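Take the position in the sequence shown, starting the count at 1, then add 559; the result is the number in this note's numbering. Structure record follows, encoded as structure tokens.
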Amino acid sequence: MRFSPELPEEEAYLKAQSRHRRRGCGGLRLCFPVLLLVAISFSGPLAAQSLRGGLRSMQEQHQRAIDYDYSFARNADHVQRLIDLGLLVPLRGNDSYVIDDEVSFPYTRVEVRTFVERLARQYRSACGEVLVVTSATRSLDRQPPNSSPLSVHPTGMAVDLRRSNHRPCRAWLEDVLLHLEERGTVEATYERWPPHYHIAVYTHEYARYVERVEAERRRVAASGQVADEGPMPSVVRYEVRSGDSLWTIAQAYGTTVDELQSANKLRGTRIYAGQTLEVPVGSR
């Protein structure tokens, strides 16, 4: 069944709830997560392998929202209805991420909250900073003048993250976002005014991705090995900028000067702008 983006999801949710109750499913909260994990396949190459964005990127995000039968919240009352139905969940912040005061509605799809919490934990571990969420769900009547008519913020499947002033932190975050893009789980764009990262989370694909990561973590833990931290790459490539030192890079990535020297076969600590380093990501 196909629903228009203006109505759809609340009616679908309530109809599904009624069906599940009749079938003795014990209420929708026991059954609905299965719907969130339904496999949806998409053919063709990924829309982008960079953070440049553009029309094609926006079109893909918008089409994904329609394919998911997501509602585009029209106003505050519509957002509240989605919240009341449990289709949007709160972003509460923690010691790894905070919500900017300007965020209209600190609510997202449940998979987007999982994305924010996982990414923020890894970001703070690698970089020592907290992530700042600058936008989450925005209803159609609260979209800024420069927003695209294809924006998926009204669906709750996108977040914006503030750009760090520290180059190593930006490099780490961009590497992780590209890593996730390559796996078809997000579409990320760096936007310059104001400087931030816009990330549309492909919720069905991301849920399956996390399930695979956690399954691998459990398998590795059972074997007595050390599990990887999910989307965080173990080694990233970093281009040295003016003012950088091995110590500042090591601090940003949670590693040590000795490990940087070993990974790059450096005899001393001298580096130069434009040099590319292999940086092992730590877990401090």
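From the three backbone atoms N, C-alpha and C, an ideal C-beta is built for every residue, glycine too. Source: prediction; values computed, not measured.
- Here DSSP, grouped into helix, strand and coil, assigns Tyr749 to strand.
- When C-beta atoms of the region 747-763 are compared with those of the region 663-670, three or more pairs fall below 8 angstroms, so the two segments count as touching.
- In the three-state reduction of the DSSP assignment, His763 falls in the helix class, which pools H, G and I.
- Within the DSSP bridge table, the entry for Pro754 names Arg751 as partners.
- In the three-state reduction of the DSSP assignment, Tyr768 falls in the helix class.
- Contact annotation: Leu647 and Thr696 have beta-carbon atoms nearer than 8 angstroms.
- Pairing Pro727 with Ile808 gives a Cβ-Cβ distance under 8 angstroms.
- If you compare the alpha carbons of Gly743, Gly827, Arg633, Ala781 with that of Gly715, the shortest gap goes to Arg633.
- Taking C-alpha positions only, Val711 is separated from His725 by approximately 29 angstroms.
- Inter-residue distance for Ala717 and Thr814 is about 31 angstroms (C-alpha atoms, whole angstroms).
- In the DSSP assignment, Asp719 falls within the unbroken beta strand (DSSP E) covering 717-721.
- The Cβ neighbour count for Trp752, taken over all protein chains shown within 10 Å, is under 16; the residue is labelled exposed.
- In the structure shown, the three-state DSSP call for Thr673 is helix.
- Comparing alpha-carbon positions, the option among Ala774, Tyr627, Glu619, Ala766 lying closest to Pro708 turns out to be Glu619.
- Judged by DSSP in its simplified three-state form, Tyr797 adopts strand.
- Remark: C-beta atoms of Ser698 and Ala635 approach each other more closely than 8 angstroms.
- For Glu733, the enclosing alpha helix (DSSP H) starts and ends at 726-741.
- Comparing alpha-carbon positions, the option among Asp803, Gly833, Tyr797 lying closest to Val840 turns out to be Tyr797.
- The DSSP-derived three-state label of Ile808 is helix.
- Residue Asn653 holds the alpha-carbon nearest to the alpha-carbon of Arg677 among Tyr812, Asn653, Phe664, His637.
- By a beta-carbon distance limit of 8 angstroms, Cys686 contacts Ala811. Their separation comes to about 5 angstroms.
- It is roughly 24 angstroms from the alpha-carbon of Leu650 to the alpha-carbon of Asp626.
- Taking Asp643 as reference, the option from Arg623, Tyr666, Ser655 with the minimal CA-CA separation is Tyr666.
- Non-local C-beta neighbours of Thr835 in its own chain, meaning closer than 8 angstroms and more than five positions away in sequence, comprise Arg796, Tyr797, Glu798, Val799, ordered along the chain.
- Within a 10 Å sphere around the beta-carbon of Glu837 sit fewer than 16 other beta-carbons, which makes this residue exposed.
- Ala766 and Gly827 have their C-alpha atoms spaced approximately 44 angstroms apart.
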